[in-house]
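First up is the structure itself, then whatever we jot down about it.
There are 4 protein chains.
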Amino acid sequence: MRHQKVDVILQAAVEVFSDQGFDQAKMDDIAQAAGVAKGTIYYHFKSKEDLFTGLMDEGMEKLIGCAKRHIDSEDSPVDQMHGLIRAHSQFFMENGKLAKLLLNEAFGTKERQQKFRASIREYILLIESLIEGGIATGDFQFDYPSEMAVAIFGAGSVLVLHKLYTLEDSAWTSEQSEEVTQMTIQSLSQLVFRSLLIK
Amino acid sequence: MRHQKVDVILQAAVEVFSDQGFDQAKMDDIAQAAGVAKGTIYYHFKSKEDLFTGLMDEGMEKLIGCAKRHIDSEDSPVDQMHGLIRAHSQFFMENGKLAKLLLNEAFGTKERQQKFRASIREYILLIESLIEGGIATGDFQFDYPSEMAVAIFGAGSVLVLHKLYTLEDSAWTSEQSEEVTQMTIQSLSQLVFRSLLIK
Amino acid sequence: MRHQKVDVILQAAVEVFSDQGFDQAKMDDIAQAAGVAKGTIYYHFKSKEDLFTGLMDEGMEKLIGCAKRHIDSEDSPVDQMHGLIRAHSQFFMENGKLAKLLLNEAFGTKERQQKFRASIREYILLIESLIEGGIATGDFQFDYPSEMAVAIFGAGSVLVLHKLYTLEDSAWTSEQSEEVTQMTIQSLSQLVFRSLLIK
Amino acid sequence: MRHQKVDVILQAAVEVFSDQGFDQAKMDDIAQAAGVAKGTIYYHFKSKEDLFTGLMDEGMEKLIGCAKRHIDSEDSPVDQMHGLIRAHSQFFMENGKLAKLLLNEAFGTKERQQKFRASIREYILLIESLIEGGIATGDFQFDYPSEMAVAIFGAGSVLVLHKLYTLEDSAWTSEQSEEVTQMTIQSLSQLVFRSLLIK
DNA sequence: TATGAATGAGTCTTCATTCAT
DNA sequence: GATGAATGAAGACTCATTCAT
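Chains as they are written, first to last, in the UniProt record's numbering: chain E, 1 to 199; chain F, 1 to 199; chain Z, 1 to 199; chain U, 1 to 199.
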């Protein structure tokens, strides 16, 4: 079991990084948010970079893991794609801070993000494999599966992010949250399946 | 006509902001890239913020202007949507640096971006109005036009960005560039129209 | 002509580095001693390391230059050795702070000092060449000229340093200073020439 | 008998302090080198300062003890001076790390070194007493016995240090080591006795 | 005795901004 | 209009020391 303080720090870090972005986030703030001394963070993490990278990697790992689980519990490509859309939407809506963090820093030019983009690509390839699978079974049809995968990732991510920002400040009951998630899933599904399914 | 130095500075600023992101970009770098003294930037712009905001606003203005022109030169909602997709793809592929700048900073939590997101929303509303138009004429059908607009924006932006990053380092002939742009337009069109068009 | 502030900074830096040693010296102190803002130092010098190295290099350059001048103004090896002893003693007694700085940091294991030791070796080789010269003319005789050069350097440096520390706090008239210098020169000369001269 | 861990720590401390210097040496490094936890050092030593001072004092004590033993086993001032030179050279060549530590920190301005310099002075006074003894018996002649003592200390120390640094990296057989020690003794002897002995 | 997680005061360094020329 | 030297507030990171176990 990971040391307790490490978890407290990670939790605080997601919060602060998500709200401020990597550059604007101050280690002091993270320390304060975590209720530990600044030195404690450096006892557990080599640097701000290290803390951040760990967060991103762990986040993407969780996301991909979640997606794979949803996919594996289904058999047909169509149901698997459904599973992915549900996983993507639910995961990001339920982990709003992490979602912002992942998506805000997904684009950018620094080296830090180069590495991170590898995880993104893995996720996109997962989507692409679902599309290819559907094409193989004759369920799907699309001329540019690779582009389609990226587009689905973009559509899904921006849609969720847009919801998150729009509703950011309004106090948010869990029913509303659930409702928004369902709406996101349905609109995404409509977009994706109309595009992919053979008519 | 704008002062010559101002243009040089703006040009350098796009370059540097695009490569480094707002926080990492240094005024020194911009000055050097522009071939002017640092003080000169401050003679023409109030602050780093000011320079950046101006850039973003101008960029979005150009993008929206470009989109509107493409839309207005068509009559039917279908052709207008086609025009928008062409405008979006071509504009971003031809202005790679600006594209990265706009899309990288489109998401994020700082106040600076609050204002910027207004422009984004305007652009998305433009897309939404096209969808609504198509629904009105009976060409389109979609249960969540508003979400669809966001999704199209997300799909198109991330797709372009993905292409830009993937091909970033490879030396890039204009023919290849043109080819990638065409492919982007076609895959986006397929996605959008399959989703929207009544079967 | 070097910028004025640079000289002020260098002067303050010798003072502070000499009193505190490299590690204990604070850039804040140097800035305050120089009467400039801390940023100003960094405008002119890349880092603490850079400032320090520059100081050391310049100091050794001056010392070696001074020694060479004294040597070149004499003809015979004996007189040249006399010149060197005078140069060494006077230079260090007159530049006490620099002397402490050079000699304190002359020994030590960090990379910084690796480079610095090259200058020391150059100085020692200068001494060695004088000894070899005297041996060639038949004035000197010694079985280990190379060791002798190092020993002379050590004896001269430690002797001066010892005087500087011993008399450090006593208010020091320039006559006394002159007297101590003369005494240093004479004792060093006696040591060196008794050892070297053929009986 | 001293606690075993204390010795392990002291040994590690000499190593680290010698390699890094007092300021650069980290308690973590010493703990790691000693194979104990950091807290353990603080259980046995009050502070970094304390550990260091103890080391230096013990080192000087050993050196002076060693010198005295060599001196006391001889009768004539000439032989006693020979004994001192042998003791000095052998002790430092055989305890290279300690030698660097003692000599590197012998100069410097911190309070810590003030106290340490008292030991140095004791050692120098020992040398001086030998010179005075030789003068009293009519064996030696020198106008500045006090300066001569300092000069001998300086020459001997810097010579040894120079050898240690020069040969630092080359793998070093004990025969070579012995050879270098002999050469050091002989060159020092030649320097000292030629200067001191009545012609 | 021994440990090592936690601390926070202390430092170097950066960089947007100013202003005298 | 243009310059670039100077500024100082801000922030990442270090490390000797403490203390609960």
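We treat Cβ as the ideally placed atom computed from N, Cα and C, and that holds for glycine.
Predicted, not measured: the structure shown is a model, and the values here were computed from it.
Apart from sequence neighbours up to five positions away, the residues of its chain that approach residue 28 of chain E with a beta-carbon distance below 8 angstroms are 38, ordered along the chain. For residue 85 of chain F, the closest C-alpha among the options F:15, F:118, F:138 and F:130 is that of F:130. Going by DSSP, residue 58 of chain F is part of the alpha helix (DSSP H) stretching over 48-72.
Closest in alpha carbon position to residue 83 of chain U, among U:185, U:194 and U:47, is U:185. Partner residues in a beta bridge of residue 153 of chain U, as assigned by DSSP, do not exist. Cβ atoms of residue 153 of chain F and residue 77 of chain F stay farther apart than 8 angstroms, at about 17 angstroms. When C-alpha distances from residue 63 of chain E are compared across E:142, E:123 and E:174, the shortest belongs to E:123.
Put simply, the CB of residue 78 of chain F is far from chain E, with every gap to its CB atoms at 8 angstroms or more. For residue 112 of chain Z, not one C-beta of chain U is nearer than 8 angstroms to its own C-beta. Non-local C-beta neighbours of residue 80 of chain U in its own chain, meaning closer than 6 angstroms and more than five positions away in sequence, comprise 71, 74 and 130, ordered along the chain. A Cβ of chain U is located within less than 8 angstroms of the beta carbon of residue 147 of chain Z. The shortest C-alpha to C-alpha distance from residue 16 of chain F to any of F:194, F:34, F:5 and F:91 is the one to F:34.
At least one CB atom of chain U sits nearer than 8 angstroms to the CB of residue 142 of chain Z. In the DSSP secondary-structure assignment, residue 140 of chain U is bridged to U:197. Close to residue 194 of chain E, with beta-carbon spacing below 7 angstroms, are these residues of chain F in chain order: 194 and 195.
Taken in chain order, the whole alpha helix (DSSP H) runs of length 4 or more contained in the region 80-140 of chain F are 96-104 and 111-137. Contact with chain E is absent for residue 56 of chain F, since none of that chain's Cβ atoms lies less than 8 angstroms from the residue's Cβ.
For residue 29 of chain E, the secondary structure class from DSSP, reduced to helix, strand or coil, is helix.
CA-to-CA, the gap between residue 7 of chain Z and residue 49 of chain Z works out to about 17 angstroms. In the assembly as shown, residue 113 of chain F is a buried residue. Its beta-carbon has 16 or more other beta-carbons within 10 Å. Between the alpha carbons of residue 161 of chain F and residue 94 of chain F lies a distance of about 12 angstroms. Put simply, the CB of residue 63 of chain E is far from chain F, with every gap to its CB atoms at 8 angstroms or more. Residue 26 of chain Z counts as exposed, since fewer than 16 other beta carbons sit within 10 angstroms of its beta carbon. At a beta-carbon threshold of 9 angstroms, none of the residues of chain E lie near residue 82 of chain F; the nearest stands roughly 16 angstroms away.
Around residue 35 of chain U, no beta-carbon contact reaches into chain Z at under 7 angstroms, the shortest distance being about 22 angstroms. Here DSSP, grouped into helix, strand and coil, assigns residue 22 of chain F to coil. For a Cβ distance threshold of 9 angstroms, nothing in chain E lies close to residue 134 of chain F: the least Cβ distance comes to about 14 angstroms. If you draw a 10 Å sphere on the C-beta of residue 163 of chain Z, you find 16 or more other C-beta atoms in it, and that means buried. For residue 45 of chain U, the secondary structure class from DSSP, reduced to helix, strand or coil, is coil. Around the C-beta of residue 156 of chain E, 16 or more other C-beta atoms lie within 10 Å, and the residue is accordingly described as buried. Counting every other CB atom within 10 Å of its CB across the protein chains shown gives residue 118 of chain F a total below 16, marking it as exposed.
Residue 107 of chain U reaches chain Z at 103, 104 and 161, counting residues in chain order whose Cβ is nearer than 7 angstroms. Residue 14 of chain F is a Cβ neighbour of residue 98 of chain F, given a cutoff of 8 angstroms. Straight-line measurement puts the Cα of residue 128 of chain U at about 12 angstroms from the Cα of residue 143 of chain U. For the pair residue 165 of chain F and residue 68 of chain F, the Cα-to-Cα distance works out to about 27 angstroms.
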